[in-house]
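> Residue numbers (my numbering): 1 to 175.
The beta-carbon is built from N, C-alpha and C at its ideal position, and this holds for glycine as well.
Every value quoted in this text rests on a predicted model; they were computed, and no experiment measured them.
Input: one structure, supplied below.
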């Protein structure tokens, strides 16, 4: 079976059925897309494009449930030397969230990397995603493990959960 490579195209759209499962599981609606194009946004008229530069602007006050499916090449590595990566930006913005806000970061399940240990582990609740997602426009499922990291106000302690996304009503299972 052909798998979607993690090289090349960085603009894969999030599968709508996965987004609906996330909303069901957390009992909310996603209301701002932090890294999108006009073609792949999940929120018409409520999103940042590459030109808007989400990494160098405040996310305060733009929505309650912020969705981030960034270009995976820049989840843990900065786009520019000396710049921030998306995981670091989530960590930074979580400190300033209101009690009813959350940031949902979809990323590779790179749990042994420096960026994951520094910016995600201990700062977000992490859900392992199974089965593999097939992104919008892709011919097959993504070729690596993915996680959903949920950042809460003040960077509350994390946990690892196994979540079968196509059965969100059953809820996560403690690993």
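According to DSSP, is residue 48 part of a helix, a strand, or is it coil?
Reduced to three states, the DSSP call for residue 48 is coil.
> Does DSSP classify residue 108 as helix, strand or coil?
strand
> Quick check on the burial criterion: 16 or more other C-beta atoms within 10 angstroms. Buried or exposed for residue 69?
buried
> Can you tell me whether residue 104 is buried or exposed? The criterion is at least 16 other CB atoms within 10 Å of its CB, across all chains shown.
buried
> Quick check: what's the CA-CA separation for residue 26 versus residue 51?
30 Å
> Helix, strand or coil, according to DSSP, for residue 102 in the structure here?
strand
> Please classify residue 17 as buried or exposed, where buried requires at least 16 other C-beta atoms within 10 Å of its C-beta.
exposed
> Can you check DSSP and say which residues form a bridge with residue 151?
103 and 124
> Hey, is the stretch 29-39 in contact with the stretch 50-67, meaning 3+ C-beta pairs nearer than 8 Å?
yes
> Quick check: residue 127 and residue 135, are their CB atoms within less than 8 Å of each other?
no
> Could you name the residues that DSSP lists as bridge partners for residue 13?
136
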